[in-house]
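In the numbering used here, the protein residues as written are 8 to 67. Just so you know, even glycine gets a beta-carbon here, dropped at the ideal spot from N, CA and C. Just so we're clear, the structure is a prediction, and the values are computed from it rather than from any experiment.
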Amino acid sequence: MGRRAWTLQCTAFTLFCAWCAMNSVKAKRQFVNEWAAEIPGGPEAASAIAQELGYDLLGQ
């Protein structure tokens, strides 16, 4: 009976550790409202397009 109780305790401890590890590494969902685009024509063309569409040009 002693060995069986020890096995159950080890199994419970292992499952508890696995559960803790899985909960600690959950990725948090993040949303970033930014995007990048390559505009042929250089910075002047990019600035003109951003201004026309009401976007903020953050640079390169």
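Just the Cα atoms here: how many angstroms apart are residue i and residue j?
i	j	result
C24	W13	16 Å
T21	L15	10 Å
R11	T18	11 Å
G49	N30	47 Å
N40	E59	19 Å
Return yes when the Cβ of residue j is within less than 7 Å of the Cβ of residue i, no when it is not.
i	j	result
L46	A52	The sequence as given places Ile at residue 46; Leu does not occur at that position. It is a contact, given that the beta carbons lie within the stated cut-off.
L7	A57	Look at the range of the chain in this structure, 8 to 67, and you will see that residue 7 is not part of it.
Leaving out five residues before and five after residue i in sequence, what residues of the same chain have Cβ atoms less than 7 Å from its Cβ?
i	result
A43	none
F38	none
With H, G and I counted as helix, E and B as strand and the rest as coil, what does DSSP make of residue i?
i	result
E51	helix
Excluding five sequence neighbours on each side, which residues of the same chain lie with their C-beta closer than 8 Å to the C-beta of residue i?
i	result
V32	none
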